[in-house]
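Peer 1: For the sequence shown, my numbering assigns the number 1 to the initial residue and increments by one for each residue that follows.
Yeah, the Cβ is synthetic: ideal placement off N, Cα and C, and Gly gets one too.
Here it is: the structure, laid out below.
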Amino acid sequence: MPTRERRIPFNRPSVVGRELTYISQAIANDHASAGGPFTDRCVDLLRSHLDCADVLMTTSCTDALELAALLLDVGPGDTVVVPSFTFVSTALAFARNGATIRFADIEPTTLGMCPESLERLLDPSVRAVAPVHYGGVGCQIDEIHEVLDRHSSRTGQAVSIIEDNAHGLYGRIGDRELGTLGRMSTLSFHETKNFVCGEGGALVLNDPADRERAHTMLTKGTNRRQFMLGLVDKYTWVENGSSFGLSDLLAAYLLGQLERHDEVLATRSHVWARYDELLTPHQERCGFTTMSIPADRACAWHMYFVLLRDRNTRDGVLQALASRGITATFHYVPLHSSPGGLRCTDRPDAGCDVTDDISGRLLRLPFYNGLSDDDISYVCGALLDACSG
Ligand SMILES: *Cc1c(COP(=O)(O)O)cnc(C)c1O
1 MPTRERRIPF NRPSVVGREL TYISQAIAND HASAGGPFTD RCVDLLRSHL DCADVLMTTS
61 CTDALELAAL LLDVGPGDTV VVPSFTFVST ALAFARNGAT IRFADIEPTT LGMCPESLER
121 LLDPSVRAVA PVHYGGVGCQ IDEIHEVLDR HSSRTGQAVS IIEDNAHGLY GRIGDRELGT
181 LGRMSTLSFH ETKNFVCGEG GALVLNDPAD RERAHTMLTK GTNRRQFMLG LVDKYTWVEN
241 GSSFGLSDLL AAYLLGQLER HDEVLATRSH VWARYDELLT PHQERCGFTT MSIPADRACA
301 WHMYFVLLRD RNTRDGVLQA LASRGITATF HYVPLHSSPG GLRCTDRPDA GCDVTDDISG
361 RLLRLPFYNG LSDDDISYVC GALLDACSG
C-alpha cells in the first residue's frame with residue numbers, strides 16, 4: 001500500500017505550447033468570433049497535414065457531425081448506420097434530423113465497425129455510414145468501402161462515409177491519414193481528447209464539391225463567405241444552416257496545441273508504451289488482455305485499455321483502483337439497447353454481441369500528457385494487485 005495519498009485523475013488537459021500567448025493575441029485582435037485569423041491558421045495546419053479539400057472549424061465534434069447530416073440532407077425516410085460501440089453524438093447528430101439509425105456491431109481486432117455486420121444492415125434507405133476509429137486505431141475502413149461498393153453496384157445507390165475521427169487525428173492506416181478515407185470526417189477538441197481547446201471540433205471535407213454548401217451551412221445558412229471573398233456584393237440568407245463556427249479565442253488555444261503535435265504524440269506514445277511494457281507480460285497470470293494495434297496501423301494514442309475477464313471482474317477492479325485514488329473508466333454503454341437508441345432505430349433486435357461483450361469488460365486507464373512514469377507504475381501496480389487478489 002502507498003504511504004501517501006495519491007490521486008490520479010482519468011484525464012488532465014495541459015498547456016503544451018503558445019496557447020496563452022495566442023489567446024491574449026486573439027483578444028487583442030478584436031476578432032473573438034468565428035472565422036478569425038487563428039481559425040484560418042488552424043485550418044491551414046490541418047489542411048496541409050491531411051491534404052484534404054477543406055477543413056471547417058466547429059464548436060464541437062457533435063456540431064461537425066450535425067453539419068455533416070445537414071450537408072448530406074439526411075432526414076425522415078433515410079437511414080444512417082453507426083457502430084453501437086461509440087459516443088452518443090455519432091448517432092444523435094443524424095437522429096435529430098429525423099434519420100433512422102441502425103446499429104452495427106464492432107469487430108474484436110480494432111473495436112471499429114464490423115463490415116459483415118454493416119452488410120447485413122444495408123438496404124436502399126441507407127444514405128450514410130459513420131464508422132469510428134476507436135482509440136485512434138484505424139477501423140476496417142477498406143473492407144467497409146468494399147461492402148458499400150458491392151451494395152452500390154447492386155442497387156445503383158451511393159452511400160457516403162463520414163469517419164467519426166474524434167480519437168484519431170494523426171493516426172494512419174499504412175501511409176493514409178485517418179479522416180481522409182471517406183467523403184468527410186469529424187474531429188473533436190473537447191478537453192478529454194488528444195488536442196484540446198475546452199470544446200471544439202472540425203469537419204474535414206475530402207470532396208471539393210461539398211465546400212461551398214458546407215461554408216454556407218457553417219455560417220447560419222448565409223453566403224457570408226462569398227461576400228467576404230468579394231464574390232457577391234450582398235450577403236444574404238440562402239440555405240439551411242446554423243451557428244456552427246468555433247470562436248477565434250478557442251481557435252487560438254487550439255493552434256497552440258496543434259503546433260506541438262509532434263511532441264504531444266511523442267508524449268502520448270510514451271505513456272502508451274509504458275503501460276504496455278508493464279502490463280502485457282502479466283496478461284495470462286492476471287486474466288486480462290491488453291490493447292493491441294495491428295501492424296499496419298499508426299495509432300493516434302488516444303487511450304490505453306485492458307479487457308478483463310467479465311463485467312463483475314471489471315467493475316470490481318474499477319472500485320479497487322478508485323480506493324487507491326485512481327480514476328479509471330468503462331467505455332461505452334452500447335447505443336443499440338440505450339433508451340435514446342431504441343427511439344430512433346427500426347432494428348431494435350440487431351445483435352451486437354461483440355459490443356455487449358467488450359463494453360462489459362473494457363477498462364480505460366488514466367491517460368494524459370502529464371502522466372509521469374511513476375504515476376504509470378503506481379496505476380499498473382494497483383491494477384496487477386486488483387487482478388491477482
Ligand atoms: C468525444 C466524442 C464525440 C463528441 O465530441 P464533442 O467534441 O464533445 O462533441 C463524438 N464521437 C466520439 C467517438 C467521441 O469520442
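1) Please return the same chain residues whose Cβ sits closer than 6 angstroms to the Cβ of serine 60, not counting the five positions on each side in sequence.
2) Quick one: measure Cβ to Cβ for phenylalanine 85 and serine 359, integer angstroms, because I've assumed they're closer than 8 angstroms.
3) Measuring only the C-alpha atoms, how far is proline 348 from aspartate 123?
4) Taking one C-beta from the segment 275–294 and one from the segment 33–50 each time, how about it: are there three or more such pairs within less than 8 angstroms?
5) State yes or no: is the C-beta of threonine 345 within less than 8 angstroms of the C-beta of isoleucine 27?
6) Once DSSP output is grouped into helix, strand and coil, what is the label at serine 117?
7) Compute the Euclidean distance between the alpha carbons of asparagine 369 and valine 232, then round it to the nearest angstrom.
8) By alpha-carbon positions, which one of Gly168, Arg96, Ser160, Asp73 ends up nearest to glycine 112?
9) Quick one: using the 10 Å Cβ neighbour count with 16 as the cut-off for buried, is aspartate 51 buried or exposed?
10) Please list, in chain order, all residues of the same chain as arginine 268 whose beta carbon is under 7 angstroms from its beta carbon, the five residues on each side excluded.
11) So, using beta-carbon positions, are aspartate 210 and leucine 71 closer together than 8 angstroms?
12) Pairing CB atoms from the segment 290–301 with CB atoms from the segment 128–143, are three or more of them under 8 angstroms?
13) Within a Cβ cutoff of 6 angstroms, which residues of the same chain sit near valine 306, ignoring the five residues on either side of it in sequence?
14) Ordered along the chain, which non-local residues of its own chain (more than five positions away) have a Cβ less than 7 angstroms from that of leucine 246?
15) Is aspartate 164 near ligand 1, judged by its Cβ being under 7 angstroms from some heavy atom?
16) Helix, strand or coil: which one does DSSP assign to serine 48?
17) Which residue's Cα is closest to the Cα of arginine 41: Ser125, Asn165, Gln257, Gln157?
18) Alpha carbon to alpha carbon, how far is proline 260 from glycine 17?
19) Taking buried to mean at least 16 other C-beta atoms within 10 Å of its own C-beta, is arginine 314 buried or exposed?
20) Quick check on the burial criterion: 16 or more other C-beta atoms within 10 angstroms. Buried or exposed for leucine 181?
21) Could you check if histidine 167 belongs to the surroundings of ligand 1, using beta carbon to heavy atom distance under 7 angstroms?
22) Is it true that the segment 308–323 meets the segment 174–191, where meeting means three or more beta-carbon pairs spaced less than 8 angstroms apart?
23) Name the DSSP beta bridge partners of aspartate 54, please?
24) Taking only heavy atoms of ligand 1 into account, decide whether any of them is closer than 7 angstroms to the Cβ of valine 132.
25) With a threshold of 16 other CB atoms inside 10 Å of the CB of valine 317, please say whether the residue is buried or exposed.
26) Should the segment 209–229 be called in touch with the segment 80–100, which here means at least 3 C-beta pairs below 8 angstroms?
27) Among Pro37, Arg12, Pro9, which has the Cα closest to the Cα of tyrosine 22?
28) Can you name, in chain order, every residue of its own chain whose Cβ lies under 7 angstroms from the Cβ of isoleucine 326, other than the five neighbours on each side?
29) If I'm right that valine 74 touches arginine 127 with Cβ under 8 angstroms, what's the distance once you round it to whole angstroms?
30) Alpha carbon to alpha carbon, what distance is there between serine 323 and leucine 279?
31) With a threshold of 16 other CB atoms inside 10 Å of the CB of tryptophan 272, please say whether the residue is buried or exposed.
32) Does arginine 274 pass the burial test, meaning 16 or more other C-beta atoms within 10 Å, or should it be called exposed?
33) Which two residues bound the contiguous alpha helix (DSSP H) that contains methionine 291?
34) Give every residue of the same chain whose Cβ lies closer than 7 angstroms to the Cβ of serine 117, excluding the five residues on either side of it in the sequence, and list them in chain order.
35) Which same chain residues end up closer than 6 angstroms to alanine 350 when comparing Cβ atoms and leaving out the 5 residues on each side of it in sequence?
36) Check the DSSP bridge columns for serine 160 and list the partner residues they point to.
Peer 2: If we stick to the structure as given:
1) Glu199, Gly201.
2) The distance from the Cβ of phenylalanine 85 to that of serine 359 is about 6 angstroms, consistent with a contact at the 8 angstroms cut-off.
3) If you take the alpha carbons of proline 348 and aspartate 123, they lie about 16 angstroms apart.
4) The segment 275–294 vs the segment 33–50: no contact.
5) No, the pair does not count as a contact, with Cβ atoms beyond the cut-off.
6) It is helical.
7) If I take the Cα positions, the gap works out to 46 angstroms.
8) The candidate whose alpha carbon is nearest that of glycine 112 is Gly168.
9) So aspartate 51 counts as exposed.
10) Answer for arginine 268: Asn194, Trp301, Asn369, listed in chain order.
11) Taking 8 angstroms as the cut-off, the beta carbon of aspartate 210 is found closer than this to the beta carbon of leucine 71.
12) Touching, yes.
13) Around valine 306: Phe288, Thr290, Leu363.
14) Cβ within range, chain order: Ala34, Thr39, Met57, Thr58, Thr59, Gly200.
15) Distance from the C-beta of aspartate 164 to the nearest heavy atom of ligand 1 is below 7 angstroms.
16) Helix, per DSSP.
17) Shortest Cα-Cα distance from arginine 41 to any of Ser125, Asn165, Gln257, Gln157 involves Gln257.
18) First, the amino acid is wrong: residue 260 is arginine here, not proline. Cα to Cα, the separation comes out at about 6 angstroms.
19) Within 10 angstroms of the beta-carbon of arginine 314 lie 16 or more other beta-carbons, which makes it buried.
20) Burial call: buried.
21) Because some heavy atom of ligand 1 lies under 7 angstroms away, the Cβ of histidine 167 counts as near it: yes.
22) By the criterion of at least three beta-carbon pairs nearer than 8 angstroms, the segment 308–323 is not in contact with the segment 174–191.
23) The partner list for aspartate 54 (beta bridge, DSSP) reads Leu205.
24) True, at least one ligand heavy atom lies under 7 angstroms from that Cβ.
25) In the assembly as shown, valine 317 is a buried residue. Its beta-carbon has 16 or more other beta-carbons within 10 Å.
26) Cβ pair count under 8 angstroms is below three, so no.
27) Check the Cα spacing between tyrosine 22 and each of Pro37, Arg12, Pro9: the tightest is with Pro37.
28) Hits under 7 angstroms: Ile8, Pro366, Val379, Ala382.
29) 5 angstroms between Cβ atoms; contact.
30) Cα-Cα distance, rounded: 20 angstroms.
31) Classification of tryptophan 272: buried, given that the 10 Å Cβ count is 16 or more.
32) Arginine 274 should be labelled buried.
33) Neither: methionine 291 is in no alpha helix (DSSP H) and is coded neither H nor E.
34) Excluding residues within five positions, the ones whose Cβ falls inside 7 angstroms are Ala104, Asp105.
35) For alanine 350, where only same-chain residues beyond five positions count, the Cβ hits under 6 angstroms are Phe103, His336.
36) Paired residues: Ala128.
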